[in-house]
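With the first letter of the sequence shown counted as 1, position 205 gets the number 205 in full-length UniProt numbering; the numbers rise by one all the way through.
Using N, Cα and C, we set each Cβ at its ideal position, and we do this for glycine too.
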Amino acid sequence: MNYQSLFAEALNEQLKDQLDHGKVYQLIEKPKYKEMGDFAFPCFELAKVFRKSPHEIALELSEQIALPGTFTKIEAAGGYVNVFLNKSQVSSSVVEEVIKKKEHYGTQNQGDSAVITIDFSSPNIAKPFSMGHLRSTVIGHSLARIAEKNGFEVVRINHLGDWGTQFGKLIAAYKLWGDEEKIREHPIKELLKLYVQFHDEAEHDSSLIDAGRLWFKRLEDGDQDALALWKWFRDESLKEFNSIYQLLGVSFDSVQGEAFYNDKMDRVVQLLEEKELLVESDGALVVETAEGMPPCLIKKKDGTTLYATRDLAAAIYRHETYGSEQSLYVVGNEQTLHFKQLFDVLQKMGYDWSEGLSHVPFGMMLKDGKKMSTRKGKVVLLEEVLKEAVSLARQNIADKNPSLADQEQVAHQVGTGAVIFHDLKNHRLNDVEFSLDAMLKFEGETGPYVQYTHARASSILRKGAYQEKADGLMFSDEAAWPVVKCLMDFSEAIKRSFDGNDPSQTAKYVLELAKSFNQYYGNVRILDAVEGRQEKLSLVHAVQVVLKEGLRLLGVEAPEEM
Numbered sequence: 001m002n003y004q005s006l007f008a009e010a011l012n013e014q015l016k017d018q019l020d021h022g023k024v025y026q027l028i029e030k031p032k033y034k035e036m037g038d039f040a041f042p043c044f045e046l047a048k049v050f051r052k053s054p055h056e057i058a059l060e061l062s063e064q065i066a067l068p069g070t071f072t073k074i075e076a077a078g079g080y081v082n083v084f085l086n087k088s089q090v091s092s093s094v095v096e097e098v099i100k101k102k103e104h105y106g107t108q109n110q111g112d113s114a115v116i117t118i119d120f121s122s123p124n125i126a127k128p129f130s131m132g133h134l135r136s137t138v139i140g141h142s143l144a145r146i147a148e149k150n151g152f153e154v155v156r157i158n159h160l161g162d163w164g165t166q167f168g169k170l171i172a173a174y175k176l177w178g179d180e181e182k183i184r185e186h187p188i189k190e191l192l193k194l195y196v197q198f199h200d201e202a203e204h205d206s207s208l209i210d211a212g213r214l215w216f217k218r219l220e221d222g223d224q225d226a227l228a229l230w231k232w233f234r235d236e237s238l239k240e241f242n243s244i245y246q247l248l249g250v251s252f253d254s255v256q257g258e259a260f261y262n263d264k265m266d267r268v269v270q271l272l273e274e275k276e277l278l279v280e281s282d283g284a285l286v287v288e289t290a291e292g293m294p295p296c297l298i299k300k301k302d303g304t305t306l307y308a309t310r311d312l313a314a315a316i317y318r319h320e321t322y323g324s325e326q327s328l329y330v331v332g333n334e335q336t337l338h339f340k341q342l343f344d345v346l347q348k349m350g351y352d353w354s355e356g357l358s359h360v361p362f363g364m365m366l367k368d369g370k371k372m373s374t375r376k377g378k379v380v381l382l383e384e385v386l387k388e389a390v391s392l393a394r395q396n397i398a399d400k401n402p403s404l405a406d407q408e409q410v411a412h413q414v415g416t417g418a419v420i421f422h423d424l425k426n427h428r429l430n431d432v433e434f435s436l437d438a439m440l441k442f443e444g445e446t447g448p449y450v451q452y453t454h455a456r457a458s459s460i461l462r463k464g465a466y467q468e469k470a471d472g473l474m475f476s477d478e479a480a481w482p483v484v485k486c487l488m489d490f491s492e493a494i495k496r497s498f499d500g501n502d503p504s505q506t507a508k509y510v511l512e513l514a515k516s517f518n519q520y521y522g523n524v525r526i527l528d529a530v531e532g533r534q535e536k537l538s539l540v541h542a543v544q545v546v547l548k549e550g551l552r553l554l555g556v557e558a559p560e561e562m
């Protein structure tokens, strides 16, 4: 039940001529201090309307409002109308709801099964999956689960970077310096070396750039030699990527790279010509975009297509194939201009559905304060980080709980969870400094801290021989109230995450719930209790359910024991 809505409805009876219901709901605050109640309505905006002081308005409202029985008190204080919930009644209702709904608690039908496509991860083939790819992968994976929790049908898309001039450069490098035997033994490592060498050499020999362009032109023209090398590089890359996705627990509904759209781009160019949007500029074909933006380049002078051409084809294909009402592109900040151009061109083409397209940018993963660069070989490989994280978790388990069953599985859950949570607890627009030490701390604001709290709750339930009861709970324990209030906030946190495309809202929520529960656990003897024992254990169960579901939305598993 949404108690804020109940308060808003009661206020609306008195304010319907001055404010609409939605505005009343938005104005309601949650006071910082418990003595100020559970919800507060500020009257400052009404001062001009009523020509009275906010305090006078608050006094009058507090006398006029008829609150339902779930509230015990209403008072005016400093221009606010403060209301207090019935702790016993609400605690029983919230905990019973969690127990009945289990993992479906907090689920909303905001989307009404509308389709959203989410384009995320999208690494470039023939390059290692580095820490720089982590952000798009885990942000997109979490947003997909959060969207489903809000009632949307999600299509997860991995738009592989498997086409473009970089493959001409790589083929040119392979032809000059490649060793087939070495590449077959360590494909990604050796291909990276060739890529880095090409750019190092090209700084002194500009003819290499021309050679790279020529090979890409041959690739686009269907040259068999070029295509065979490209396919080999692609297949080897996908093997590595899939092993990393398996470690992260990430899956996709579509793994169609840029190359998939090669036969769909002529249609885009034709449509642009029909709508008289194409303009010639220095031999190339462009579309003039909105004021303040450079033209969108559709075809180069040599006839080769570009990233924008393929993205236009992809956007049209996805809308026609999936009927999506919204499409999210989880791609770094540096591509902001590209997506502004892309959306502008689609609008000019007359596609109304382009209003549902959104770029979801994020900050960079930094190393020593600097951007990681594949071109310069300055990368930290994600697979190595994940393996090291799991290794550290394994060592911690061996030191602290050597008798733990399924040690390897728990080490994987904790190590991987630490890396994912470290990223998602940060607002996506912030840059994140790569620090293995910070990522793998098993205390403080970390994934392992939340996982350990879930494991603690599970342990209490086992030791207390908890028998589930979802009706007739009678709470009299005021110490439980901060935990109950936190449980009440779950659906709002998920909604904020969806509305802002911001998984950190959910990460912050599970941290808050974990802290609140641990404070309760430190002050209340749960297992020794005689009076209210069933209620205490039911609260523990509710926390266990919500922590597990909150972590799942982030792509983090919740071990029963640690």
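Close beta carbons around residue i, own chain, < 7 Å, minus the five adjacent residues each side
i    : result
S516 : P482, V483 and C486
A202 : L208 and I209
K102 : V545
W353 : H319
L436 : V385 and E388
Sequence-distant residues of its chain with Cβ nearer than 8 Å to residue i (five each side left out)
i    : result
S136 : F120, S121, S122, V330, V331, G332 and F362
K275 : K348, M349 and G350
Assumed close pair residue i, residue j - CB separation to whole angstroms, cut-off 8 Å
i    : j    : result
V540 : I460 : 5 Å
T107 : Q89  : Not quite, the Cβ-Cβ distance comes to about 23 Å (not below 8 Å), so this is no contact.
N150 : I420 : Not a contact, Cβ separation roughly 20 Å.
L312 : L346 : 7 Å
Q4   : Y25  : 7 Å
Y174 : L194 : 6 Å
I171 : W215 : 4 Å
P559 : Q413 : 5 Å
Residue i classed as buried or exposed, judged by whether at least 16 other C-beta atoms fall within 10 angstroms
i           : result
N158        : buried
G78         : exposed
P128        : buried
S281        : exposed
F475        : buried
R184        : exposed
W177        : exposed
R462        : exposed
H359        : buried
residue 619 : There is simply no residue 619 to check, as the chain begins at 1 and stops at 562 in what is shown.
M562        : buried
T416        : buried
V279        : exposed
Boundaries (first-last residue) of the beta strand (DSSP E) holding residue i
i    : result
V279 : L278 to S281
H412 : Not the beta strand (DSSP E): H412 falls in the alpha helix (DSSP H), residues Q407 to L424.
Q326 : Q326 to V330
L381 : Run containing L381: none; DSSP gives neither H nor E here.
I316 : Where I316 is concerned, there is no enclosing beta strand (DSSP E), although the alpha helix (DSSP H) it sits in stretches over Y307 to Y322.
H359 : L357 to V360
I188 : Run containing I188: none in the beta strand (DSSP E); it sits in the alpha helix (DSSP H), P187 to A202.
Residue interval of the alpha helix (DSSP H) (run including residue i)
i    : result
S142 : L134 to K149
S459 : G447 to K463
P54  : P54 to Q64
E96  : K87 to K101
L440 : Run containing L440: none; DSSP gives neither H nor E here.
T72  : Where T72 is concerned, there is no enclosing alpha helix (DSSP H), although the beta strand (DSSP E) it sits in stretches over F71 to A77.
I494 : F490 to D499
A114 : From DSSP, A114 is part of no alpha helix (DSSP H); its letter is neither H nor E.
I298 : I298 -> not in any alpha helix (DSSP H); beta strand (DSSP E) instead, spanning C296 to K299.
A284 : Careful: A284 lies outside any alpha helix (DSSP H), inside the beta strand (DSSP E) at A284 to V287.
Y25  : H21 to L27
M1   : First-last for M1: undefined, no H or E at that position.
M265 : M265 to E274
R51  : First-last for R51: undefined, no H or E at that position.
R525 : First-last for R525: undefined, no H or E at that position.
D225 : Q224 to L248
H541 : R533 to L554
For residue i: DSSP bridge partner residues
i    : result
N124 : G161
M365 : V432
P42  : Y80
S130 : L381
D352 : Answer by DSSP bridge pairing: none, since D352 is not bridged.
E35  : Per DSSP, none; premise fails for E35.
S254 : I157
Close Cβ partners of residue i (< 6 Å) along its chain, the five nearest in sequence each way excluded
i    : result
Q18  : V49
E190 : K182 and I183
I188 : P128 and E240
Residue i beta carbon near the ligand ATP (any heavy atom closer than 6 Å)
i    : result
V331 : Only the bare structure without any ligand can be found here, which leaves the ligand ATP out of the picture.
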